[in-house]
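**Q** Using the numbering used here, you'd call the opening residue of the sequence shown number 1 and step up by one each time.
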Amino acid sequence: MDYKIFDRQLFNIKYDRLTQNKSSFSKTYQLLWIVNGSGNLHIGANVIPLCGDQLFFIPIGTTYTVAEQTEILTIKIYLPQKHIKLNEQYRSTMLDVDSQPIKELVATYLYKYNKRADFDIEIESQELIKELLSLAKMSDITLNPVRDQRILQTLEYIDKHTEVRFSVNDIAKLLHINPTYLSTLFKAEVGTTIVKYTNTLRLEAAISDIQHTNLSITTIAHNHGFADVRTLNELTKSRYQVTPMQIRQKVTSHKVNTTQNNFNNIIDKYRLDLNFNTITEQNVEIAGNHQTNTYKNSFNTIAIGRAHDILYAQVQEQLIASKQELNFTYCRFHNIFGDEMNIVDIDFFERFKFNFQKPFAVIEFLLANNIIPFIEIGFFPKEIAQGFPSVFSGYNINVGGTIDFQLWEQLIHEFFTSLKALFPDDCFDMRFDFWNEIDIQGFWPNSKDDLFKLYEISYQTIKKIDARFLVGGFNYGNFISDTQAIEQDLDYLQQHGLLPDFLTIHSYPFYIDGEISHNPDFAATQIKIKYIKGKLNDDISKLVALQKKYNFAETYITEWNTSPLQREHLNDGLYKSSKIISEVINSHSLHVDGICYWTLSDEMAEFGYPVGEVHGGFGLITRNGIPKPAFYSFVAASTLQGNILFKNNNCIIVQNEDSIYMLLNNDVDYDRNYYTQNFGTAPQTMEGNDLKVNISLTNLTNSIYQEVIYQIDEHCDLYANFKHLYNDKHYLQNKEVEHLKQLSKPHIHSRILALDEHYTTVINLKPTHTTMIVLKKIKQRTKRKPI
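#1: What are the boundary residues of the beta strand (DSSP E) that Phe25 is part of?
#2: In the DSSP assignment, find the alpha helix (DSSP H) that holds Arg150 and state where it starts and stops.
#3: Considering Cα atoms alone, identify which of Gln30, Glu156, Ile75 is closest to Ile194.
#4: Can you check DSSP and say which residues form a bridge with Asp433?
#5: For Leu775, collect the residues of the same chain with a Cβ closer than 6 Å to its Cβ; drop the 5 residues on either side in sequence, then sort them by chain order.
#6: Buried or exposed: where does Ile77 fall if 16 or more other Cβ atoms within 10 Å of its Cβ makes it buried?
#7: When the Cα atoms are used, what is the spatial distance from Tyr731 to Gly612?
#8: Thinking C-beta only, is Gly44 closer than 9 Å to Thr70?
#9: Is the stretch 582 to 596 in contact with the stretch 533 to 550, if contact means three or more CB pairs nearer than 8 Å?
#10: On the criterion of 16 or more Cβ atoms from any shown chain inside 10 Å, does Ile123 qualify as buried, or is it exposed?
#11: Would you call the CB atoms of Tyr508 and Thr301 closer than 9 Å?
#12: Is the beta carbon of Leu143 sitting closer than 9 Å to the one on Thr62?
#13: Give me, in chain order, the residues of the same chain whose beta-carbon lies closer than 7 Å to that of Leu235; leave out the 5 immediate sequence neighbours on both sides.
#14: Pull up the CB-CB distance for Leu543 and Ile505, whole angstroms please, since I reckon it's below 8 Å.
#15: Is Phe618 helix, strand or coil when you go by DSSP?
#16: What do you get for Glu568, buried or exposed, if any count of 16 or more other CB atoms within 10 angstroms of its CB means buried?
#17: Could you pull the start and end residues of the beta strand (DSSP E) that Tyr597 belongs to?
#18: Under the three-state reduction of DSSP, which class applies to Tyr556: helix, strand or coil?
#19: Among all the DSSP beta bridges, which residues are the ones paired with Ala50?
#20: What separation, rounded to the nearest whole angstrom, lies between the Cα atoms of Ala545 and Ile438?
#21: In the DSSP assignment, find the alpha helix (DSSP H) that holds Tyr314 and state where it starts and stops.
#22: Using the beta-carbon count (16 or more within 10 Å), is Ala172 buried or exposed?
#23: For Cys51, count the other beta carbons within 10 Å of its own beta carbon; 16 or more makes it buried, fewer makes it exposed. Which is it?
#24: Provide the residue(s) that pair with Glu838 in DSSP beta bridges, ordered along the chain.
#25: Going by DSSP, what residue range makes up the alpha helix (DSSP H) through Leu493?
#26: Between Phe352, Ala188, Lys463, which has its C-alpha nearest Arg150's C-alpha?
#27: Within the 9 Å Cβ cut-off, does Ala45 reach chain B?
#28: At the level of alpha carbons, what is the spacing between Arg672 and Lys723?
#29: If you count every other CB in all the chains shown that lies within 10 Å of the CB of Glu583, and 16 or more means buried, which is it?
#30: When the Cα atoms are used, what is the spatial distance from Leu10 to Ser139?
#31: Work out the CA separation of Asn446 and Met604 for me, nearest whole Å.
#32: What residues are listed by DSSP as bridge partners for Met772?
#33: Given that a residue counts as buried once 16 or more other Cβ atoms are within 10 Å of its Cβ, and exposed if not, what is Leu422?
#34: Go through the stretch 324 to 399 residue by residue and report every complete run of the beta strand (DSSP E) that reaches 3 residues or more, in order.
#35: How many angstroms separate the CA atom of Thr280 from the CA atom of Asn689?
#36: Give the straight-line distance between the Cα atoms of Asn665 and Ile580, rounded to the nearest whole angstrom.
What follows is the structure in structure tokens.
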């Protein structure tokens, strides 16, 4: 079977667990590592006995066969031709790379590739090739690999088109060659026909899908270019003596786990340490009464995706519990006027009126729990506008179409009039933000003229009811709009006396390579994401500049998250919590009035409800209320308020009255591009240097202190705990949910200290770990009188 570990990178690295003799053709230079098993390697006229733990370098254009006696596991590394410069002698001769030094190089490379977050694939790969060629020796095995560029081009074409139907004529036409001659030449050079070679590739890919997906056999046959399922069945039975369905029935997770363990064993046997566990040491020496600045915690807003979600009992329970621990001020949500809120009432006689029972129930619940609503005005009920497809596949939103502006004005007037009457003491503390990401077509497909008209109606209607209502806009998607585009909109509004009371943008620290299509199949779109360090501060600077230019009273970042993906298991582990702490420590949050984490709960249906409790959602809490490490990072960060005594990239120390708060974090950069398909990427283990922080505080008050140490480490990793205990179990019982809640809590240690104006401690942090230390004065120490 074929089990891919890495894919779509500069190097294509994968396992093969052979079940029958397998012939391969190297389209580029290849490292073939026989991990274990026994058999023979047939290459050219040579037969090499295989006994496991052997490394071979295969030149371009070489056909070889691995014939097994016992099940063989191999690792194949396809090296890019452009980075390897060999003379003709080397191109026709196998290199001897089966040596301890070369195995150490390759094993170390594979380990770093799979594990290290700071791995630079281009640099590391070129360095591997350079060192490998300098250590390799000439072997006594002479080959006659394919040199004809037409055949190499044919192989490349086949490799890229196995998922679709094509003919020899199609290839011949592209190469401007006679089809019969191409077939003859291919058979002479490669040793098999184009059809057989293509079917072999298709069959191997299909067998992998049969073993590792739940797709139907018919779908798999279609996806891999077979004419029909009968052809796939015949080829499978001819090669493996069993049917595709019988292969699927034999698959167990044990095989995959065994393959992974064998990979780890061979790599651990040879990999070099190369300072993998290097400790970075930092000394923090400060006076307890010294301050550099004031820390303002502006991470004061939590989002619930849509208004209707707040009507669910489990979401209400999560909000109540989270309010106590996170101490946030606002709760932001959208779709207050969506169809699911049932705000349009049409009776038996088709008489029309508005019904705001559900919106007001949401607002009343929040206010009753000391949470201020931060309400996004939008989207449309179907009676006012519809016709454009929803940007989400999990639930419908009406974002545009032919707008009934008169009916919209009536809706706004009745809603805000009723709101003022029902909540006269609270409605002016609320924030009303107009629309969502107007600069993204999926959220605003209509013209800019329609937008300004809709906003003008809304703004003027609200202000006529009461000018104290705070109206903002427009939740610009920061990865689309630059400051100049935002300024053009604001200039227009300023000229017409419509400037919002506050300005809002969204901030996600990522870059998208390529287009994202806004359609119901969005969740299956393959995209390429790159994390951008420092993006939050860049967006805060953007807001500060706009605030100065247009004299806004307030500015908010109304959506922020360390990842835009809702099916990414990095969200469930320590990487996310560490990234949040890093942003809290290093952000210039003092300069904005609020930063909203999007979103509190995994109870999100933007792209459908996934199966499973732990599925990579970007909420702080799972659907059934299990807090993730990211939640606990916010718990730690929420305590920060006061005078900053010390700050660097890994540490912030804040003093507030009689307490000192020390937040330390060993953040790991993850700037390597990564791919996701169906938002199901498995997490990489984050590795870097251990961090040792030596803290020394002086000039403290001579007192009795309580020291509380709050640790977010591997014990809190929800994803790892879930995998270990329940192995992707879809449905958890209540007792299992409660078990995970308890298991994933941070470790808290407390002790009483009598300090004589001095406090020292040493904190050791592994990569992605966080520690919070609270030093709270209990009472003044009294000095004994001398006898």
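No residue lacks a Cβ here, since even glycine has one placed at the ideal position from N, Cα and C.
Computed from a predicted model, the values in this text were never measured in an experiment.
**A** According to the structure shown:
#1: To locate residue 25, count along the sequence shown from 1; it is residue 25. According to the DSSP assignment, Phe25 belongs to the beta strand (DSSP E) that extends over 22 to 25.
#2: Position 150 of the sequence shown, counting from 1, holds the residue named residue 150. Counting along the chain, the alpha helix (DSSP H) containing Arg150 begins and ends at 149 to 160.
#3: As a first step, residue 194 is located in the sequence shown; it is residue number 194 there, counting from the start. The residue with the shortest Cα to Cα distance from Ile194 is Glu156.
#4: For this step, residue 433 is matched to residue 433 along the sequence shown. Per DSSP, Glu376, Gly472.
#5: The residue labelled residue 775 in the question sits at position 775 within the sequence shown. Only Ile660, Tyr705, Glu707 meet the Cβ criterion.
#6: Within the sequence shown, the letter at position 77 stands for residue 77. By the neighbour-count rule (16 or more Cβ atoms within 10 Å), Ile77 is buried.
#7: Numbered from 1 along the sequence shown, position 731 holds the residue referred to as residue 731. Numbered from 1 along the sequence shown, position 612 holds the residue referred to as residue 612. Between Tyr731 and Gly612, the C-alpha separation is close to 6 Å.
#8: In the sequence shown, the residue the question calls residue 70 occupies position 70. In the sequence shown, the residue the question calls residue 44 occupies position 44. No, the pair does not count as a contact, with Cβ atoms beyond the cut-off.
#9: yes
#10: Within the sequence shown, numbered from 1, the residue matching residue 123 stands at position 123. Exposed: under 16 other Cβ atoms inside 10 Å.
#11: Taking the sequence shown and counting its residues from 1, one reaches residue 508 at position 508. Taking the sequence shown and counting its residues from 1, one reaches residue 301 at position 301. Against a cut-off of 9 Å, the Cβ pair of Thr301 and Tyr508 comes out as no contact.
#12: Counting from 1 along the sequence shown, the entry for residue 143 is found at position 143. Counting from 1 along the sequence shown, the entry for residue 62 is found at position 62. Yes, Cβ-Cβ distance for Leu143 and Thr62 is below 9 Å.
#13: On the sequence shown, position 235 is the one that residue 235 refers to. Cβ within range, chain order: Asn199, Leu203.
#14: Translated into the one-based positions of the sequence shown, residue 543 becomes position 543. Translated into the one-based positions of the sequence shown, residue 505 becomes position 505. Indeed, because the Cβ distance is near 6 Å, the residues count as touching under 8 Å.
#15: The residue given as residue 618 occupies position 618 in the sequence shown. Phe618: coil per DSSP, three-state reduction.
#16: To locate residue 568, count along the sequence shown from 1; it is residue 568. When all chains shown are included, Glu568 counts as buried.
#17: By one-based count along the sequence shown, residue 597 stands at place 597. Unbroken beta strand (DSSP E) run through Tyr597: 594 to 597.
#18: In the sequence shown, counting from the first residue as 1, residue 556 sits at position 556. Reduced to three states, the DSSP call for Tyr556 is strand.
#19: Translated into the one-based positions of the sequence shown, residue 50 becomes position 50. Residue 50 is actually Leu in this sequence, not Ala. DSSP lists Gly39 as partners of Leu50.
#20: The residue given as residue 545 occupies position 545 in the sequence shown. The residue given as residue 438 occupies position 438 in the sequence shown. Computed Cα separation, rounded: 20 Å.
#21: As a working mapping, residue 314 is identified with position 314 in the sequence shown. At residue 314 the sequence reads Gln, which differs from the Tyr that was named. Per DSSP, Gln314 belongs to the alpha helix (DSSP H) from 313 to 326.
#22: Here the question's residue 172 lines up with position 172 in the sequence shown. With 16 or more Cβ atoms within 10 Å of its Cβ, Ala172 is classed as buried.
#23: Translated into positions along the sequence shown, residue 51 becomes position 51. Flag for Cys51 reads exposed.
#24: No answer is possible for residue 838: the residues shown for the chain start at 1 and end at 787.
#25: Mapped onto the sequence shown, residue 493 falls at position 493. Counting along the chain, the alpha helix (DSSP H) containing Leu493 begins and ends at 483 to 495.
#26: On the sequence shown, position 150 is the one that residue 150 refers to. Of the candidates Phe352, Ala188, Lys463, the one whose C-alpha sits nearest the C-alpha of Arg150 is Ala188.
#27: Among the chains of the structure shown, chain B does not appear; only one protein chain is present.
#28: The residue you call residue 672 lines up with position 672 of the sequence shown. The residue you call residue 723 lines up with position 723 of the sequence shown. Any reading at Arg672 needs caution, since the residue's pLDDT is 42, under 50, leaving its predicted position unreliable; the model's value is listed next. Rounded to the nearest angstrom, the two C-alpha atoms are 25 Å apart.
#29: Here the question's residue 583 lines up with position 583 in the sequence shown. It counts as buried.
#30: Numbered from 1 along the sequence shown, position 10 holds the residue referred to as residue 10. Numbered from 1 along the sequence shown, position 139 holds the residue referred to as residue 139. Unreliable positioning characterises Leu10 in this predicted model, as indicated by a pLDDT of 44, which lies under 50. The coordinate reading is nonetheless provided below. Approximately 27 Å, taken between the alpha carbons.
#31: By one-based count along the sequence shown, residue 604 stands at place 604. By one-based count along the sequence shown, residue 446 stands at place 446. The straight-line gap from Cα to Cα measures roughly 26 Å.
#32: Within the sequence shown, numbered from 1, the residue matching residue 772 stands at position 772. According to DSSP, Met772 bridges with Leu663, Tyr710.
#33: Locating residue 422 in the sequence shown gives position 422, where the first residue counts as 1. Looking at its Cβ environment, which holds fewer than 16 other Cβ atoms inside 10 Å, Leu422 is exposed.
#34: DSSP runs (the beta strand (DSSP E)) wholly in the stretch 324 to 399: 330 to 334, 344 to 346, 352 to 354, 372 to 377.
#35: Numbered from 1 along the sequence shown, position 280 holds the residue referred to as residue 280. Numbered from 1 along the sequence shown, position 689 holds the residue referred to as residue 689. Each residue's Cα considered, the two are about 6 Å apart.
#36: Residue 665 sits at position 665 when you count from the first residue of the sequence shown. Residue 580 sits at position 580 when you count from the first residue of the sequence shown. Each residue's alpha carbon lies about 10 Å from the other.
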